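Protein chains in written order, with my numbering: chain A, 1 to 289; chain B, 290 to 574.
Working notes, structure below.
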Amino acid sequence: MRVAELQSSRVAEEQSRRNEPPLQLRNSATLQLAFIGGIYSNYHALVATLDDIARRGVDATYFLGDLGAFGPHPDRVPALLRERGIAGIQGNYEESLSSDASDCHCGYTDPRDNHYAQISYDYTFANTSDDHKRWMGTLPREIRFIAGDRKFLLVHGSPRKINEFLWRSTSPEPFLDKLLRDHDADVIVCTHTGLHWHRALDRNRHVINAGVIGRPANDGHTNVWYTLVRVSNDHVEVEFVPVAYDHHALADEMRRERLPDEFVETILTGWWTTCLEILPAKERAAGKW
Amino acid sequence: MTASIPLLALDTLWIQVAGTLCNIACTHCFISCSPTNDSHEMISLAEVERRLDEARELGVREYYFTGGEPFMNRDMLSILEATLRQGPATVLTNGMLLRSETCRRLRELSDASDYSLDIRVSLDGFDAESHDAIRGRGVWDKVMTGLRNLADAGINPVITVTTAAEGVETNEGRARFLDIIRNFGFTKPRLKVLSLFRIGAEETRTRAYEEWERIANESLTDDEASTLQCSSCRMVTSKGVYVCPILIEEPEAKMGETLADTLRPFPLKYGACHTCWVDGVTCRT
Numbered sequence: 001m002r003v004a005e006l007q008s009s010r011v012a013e014e015q016s017r018r019n020e021p022p023l024q025l026r027n028s029a030t031l032q033l034a035f036i037g038g039i040y041s042n043y044h045a046l047v048a049t050l051d052d053i054a055r056r057g058v059d060a061t062y063f064l065g066d067l068g069a070f071g072p073h074p075d076r077v078p079a080l081l082r083e084r085g086i087a088g089i090q091g092n093y094e095e096s097l098s099s100d101a102s103d104c105h106c107g108y109t110d111p112r113d114n115h116y117a118q119i120s121y122d123y124t125f126a127n128t129s130d131d132h133k134r135w136m137g138t139l140p141r142e143i144r145f146i147a148g149d150r151k152f153l154l155v156h157g158s159p160r161k162i163n164e165f166l167w168r169s170t171s172p173e174p175f176l177d178k179l180l181r182d183h184d185a186d187v188i189v190c191t192h193t194g195l196h197w198h199r200a201l202d203r204n205r206h207v208i209n210a211g212v213i214g215r216p217a218n219d220g221h222t223n224v225w226y227t228l229v230r231v232s233n234d235h236v237e238v239e240f241v242p243v244a245y246d247h248h249a250l251a252d253e254m255r256r257e258r259l260p261d262e263f264v265e266t267i268l269t270g271w272w273t274t275c276l277e278i279l280p281a282k283e284r285a286a287g288k289w
Numbered sequence: 290m291t292a293s294i295p296l297l298a299l300d301t302l303w304i305q306v307a308g309t310l311c312n313i314a315c316t317h318c319f320i321s322c323s324p325t326n327d328s329h330e331m332i333s334l335a336e337v338e339r340r341l342d343e344a345r346e347l348g349v350r351e352y353y354f355t356g357g358e359p360f361m362n363r364d365m366l367s368i369l370e371a372t373l374r375q376g377p378a379t380v381l382t383n384g385m386l387l388r389s390e391t392c393r394r395l396r397e398l399s400d401a402s403d404y405s406l407d408i409r410v411s412l413d414g415f416d417a418e419s420h421d422a423i424r425g426r427g428v429w430d431k432v433m434t435g436l437r438n439l440a441d442a443g444i445n446p447v448i449t450v451t452t453a454a455e456g457v458e459t460n461e462g463r464a465r466f467l468d469i470i471r472n473f474g475f476t477k478p479r480l481k482v483l484s485l486f487r488i489g490a491e492e493t494r495t496r497a498y499e500e501w502e503r504i505a506n507e508s509l510t511d512d513e514a515s516t517l518q519c520s521s522c523r524m525v526t527s528k529g530v531y532v533c534p535i536l537i538e539e540p541e542a543k544m545g546e547t548l549a550d551t552l553r554p555f556p557l558k559y560g561a562c563h564t565c566w567v568d569g570v571t572c573r574t
């Protein structure tokens with residue numbers, strides 16, 4: 001059985017240009033994949049996540065974009081991802097940073113959200129090296145592969161827009177069914193919203209929001225989340241993995257960098273304080289603010 | 290040559306459940322809804338269910354209910370119950386008919402669904418005087434009662450304010466509105482500012498569109514098109530399916546009888562199109 005096969009020629013080309021290894025296959029019928037959503041410059045969480053992934057003997061790891069945002073020292077995350085040769089895609093942050101854009105194109109509509117998004121972006125832009133920005137420009141916008149017999153499509157926001165928010169409570173099954181059909185996929189993995197969820201559709205099809213490791217999931221807990229997917233033939237199993245990390249160290253660094261107190265509060269309390277007007281009713285009701 | 294806008298995807302389905310029937314007659318209403326306007330009629334639960342079936346086939350993402358005043362439709366709660374089995378729903382209301390029992394039931398419907406239910410309540414001023422000047426005498430007090438009932442039921446509405454409320458576009462104006470919302474006990478105040486369309490009653494209150502107020506582009510890129518809601522919505526009324534919730538008094542804006550009839554591009558030739566384009570307006574929350 002050919003368990004994994006790169007489908008998109010553009011991605012294959014990109015990956016070979018970056019000398020990335022193809023999916024490493026273990027001698028096992030089940031393939032285990034790890035997906036890391038928005039990292040938001042949370043280097044400490046990335047280190048903890050990669051350690052956890054390494055302990056589990058995962059076959060392949062992908063990042064899904066938005067390497068920078070709320071956190072400090074935005075060069076650390078791309079440096080580590082590049083050093084480890086981890087494959088991934090652009091988020092709206094990478095698209096903006098690599099094209100000298102004046103804002104993050106996060107897709108917010110409320111002035112309160114945009115106010116804090118601009119602070120994040122300006123700091124990240126000013127503190128990201130040109131070399132990393134150029135590398136971000138070389139990242140693909142999507143990755144396709146086959147695992148088991150499932151066609152995977154990795155995107156940042158949605159298959160149709162890099163900054164589209166796929167929230168659980170506003171992504172009903174008929175809509176997801178259409179996305180999967182329109183984009184010729186059995187499994188879509190995305191991020192961008194900051195909240196992880198999974199909907200299983202008929203015929204073993206799935207849409208998975210991998211969540212983020214950049215900030216907690218607005219649930220009053222300080223841990224962050226990445227996603228493991230186990231695939232065997234047409235069977236797909238999804239596990240959201242909580243990751244504890246040294247969030248106090250992160251908070252200290254954020255303060256030293258004079259990032260807003262509101263950002264620090266989110267890291268220390270697990271409740272979102274900014275960029276939450278975009279939340280739909282159900283997700284908004286679940287948080288403290 | 291007028292630019293046409295393609296339907297990139299039918300994400301948002303608007304349903305005018307109350308027709309043009311409303312319990313008030315706001316001076317800025319773009320379709321002049323009132324207690325006597327029966328230009329478009331109410332839509333029954335059975336008709337909504339037929340539209341939901343059509344929408345499921347087309348992969349619609351979200352449903353918006355408007356009027357007139359949606360809660361004048363006696364089936365409104367049943368309509369929401371049916372809709373929330375299929376996707377997220379938003380109701381645009383003037384807030385006057387939000388009785389305690391209605392709000393309690395809305396909360397139950399919201400809790401029972403996997404999808405979001407949003408209630409959007411219109412305010413048009415910072416106080417009774419400015420609000421009632423647009424919406425009618427005594428309306429402010431009734432809306433205040435409705436908002437308190439929502440708060441008691443634990444429903445956090447989106448408050449929408451049109452630019453008829455002077456100063457709402459400034460930071461100070463927004464802050465003032467957020468304070469008003471907080472004072473009702475909503476600790477997570479949600480506010481959306483809406484543009485006015487110079488059609489219907491608003492044409493008399495201020496002025497009609499000038500001839501130059503039209504979209505000048507001869508064509509739009511998909512990115513430009515995606516900023517306009519008509520690239521991803523349609524509006525169902527008792528008369529058929531229209532391009533958007535604004536243009537339902539334009540005969541040519543009726544695109545067909547079924548949703549599948551209306552998936553073609555639409556010419557952006559109206560003054561209201563100019564407002565959406567210039568202001569970056571979307572009626573969506």
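Cβ coordinates follow ideal geometry from the N, Cα and C atoms, glycine included.
Quantities reported herein were computed from a predicted structural model and do not represent experimental measurements.
Could you compute how far the alpha carbon of residue i sits from the alpha carbon of residue j?
i	j	result
Q24(A)	L80(A)	Note that Q24(A) scores 42 on pLDDT, short of 50, meaning its location in the model is unreliable and no value can be drawn from it.
G356(B)	P324(B)	11 Å
H329(B)	I320(B)	10 Å
R396(B)	A442(B)	6 Å
I294(B)	I213(A)	39 Å
H420(B)	A454(B)	8 Å
I39(A)	V231(A)	25 Å
G456(B)	E239(A)	49 Å
R573(B)	F35(A)	32 Å
A514(B)	L557(B)	11 Å
R494(B)	T564(B)	17 Å
W272(A)	D550(B)	43 Å
I188(A)	E173(A)	13 Å
A45(A)	D252(A)	14 Å
T124(A)	R76(A)	11 Å
V447(B)	R56(A)	44 Å
Please list the terminal residues of the continuous alpha helix (DSSP H) segment that includes residue i.
i	result
L50(A)	Y43 to R55
N460(B)	N460 to N472
K161(A)	Segment: none, K161(A) is in no alpha helix (DSSP H) and carries neither H nor E.
Q118(A)	P111 to A126
N266(B)	The structure shown does not extend to residue 266(B), since chain B is modelled only from 290 to 574, so the question has no answer here.
D407(B)	No alpha helix (DSSP H) contains D407(B), which is instead part of the beta strand (DSSP E) from L406 to L412.
M136(A)	D130 to T138
V77(A)	R76 to R84
Y93(A)	N92 to S98
V337(B)	L334 to L347
Is it buried or exposed, residue i, if we count other Cβ atoms within 10 angstroms and call 16 or more buried?
i	result
E13(A)	Residue placement at E13(A) is flagged as unreliable, the pLDDT there being 44, under the threshold of 50; a coordinate-derived value is accordingly withheld.
S129(A)	exposed
P21(A)	The predicted position of P21(A) is uncertain, since its pLDDT is 44 and thus under 50; no value can be drawn from it.
V567(B)	exposed
A185(A)	buried
W501(B)	exposed
T547(B)	exposed
M290(B)	exposed
H248(A)	exposed
A69(A)	buried
N27(A)	At N27(A), the pLDDT of 43 sits below 50, so the modelled position is not reliable; the number obtained from the coordinates is stated separately. Classification for N27(A): exposed.
R215(A)	buried
Based on the DSSP output, what are the partners of residue i in its beta bridges?
i	result
P242(A)	W225(A)
P556(B)	S293(B)
W501(B)	DSSP output for W501(B) lists no bridge partner at all.
N383(B)	N383(B) is not bridged to any residue.
G38(A)	DSSP, once it has assigned bridges, lists no residue as partnering G38(A).
C190(A)	N209(A)
Which chain D residues sit within Cβ distance under 7 Å of residue i?
i	result
W271(A)	No chain D appears in this structure, whose protein chains are A and B.
Just curious, the beta strand (DSSP E) that residue i is in, first and last residue?
i	result
G569(B)	Premise fails: G569(B) is in no beta strand (DSSP E) and is neither H nor E.
C522(B)	C522 to T526
F486(B)	Segment: none, F486(B) is in no beta strand (DSSP E) and carries neither H nor E.
M544(B)	K543 to G545
Taking beta-carbon pairs under 9 Å, can you tell me which members of the segment 155-179 of chain A lie near chain B? R160, K161, W167, R168, S169, T170, S171, P172, E173, P174, F175, L176, D177, K178 and L179
Using a Cβ-Cβ cut-off of less than 9 Å, list which residues of the segment 427-444 of chain B approach chain A; keep chain order. G443 and I444
To be precise: take each residue of the segment 369-384 of chain B, compare its Cβ to all Cβ atoms of chain A, and keep it if any distance is under 8 Å. Which residues remain? Listed in sequence order: Q375, G376 and P377.
Taking beta-carbon pairs under 8 Å, can you tell me which members of the segment 135-151 of chain A lie near chain B? none
Closer than 8 Å, Cβ to any Cβ of chain A: which residues of the segment 511-533 of chain B, in chain order? S515
Short of 8 Å Cβ to Cβ, which residues in the segment 395-417 of chain B face chain A? S399, D403, Y404, S405, L406 and D407
With 7 Å as the limit, tell me which residues of the segment 324-356 of chain B have their beta carbon closer than that to any beta carbon of chain A; keep them in chain order. R345, G348, V349, R350 and E351
Taking Cβ-Cβ distances below 9 Å as the criterion, which residues of the segment 93-123 of chain A are in contact with chain B? T109, D110, P111 and R112
Taking beta-carbon pairs under 7 Å, can you tell me which members of the segment 178-212 of chain A lie near chain B? Within the segment 178-212 of chain A, the residues whose Cβ lies closer than 7 Å to some Cβ of chain B are K178, listed in chain order.
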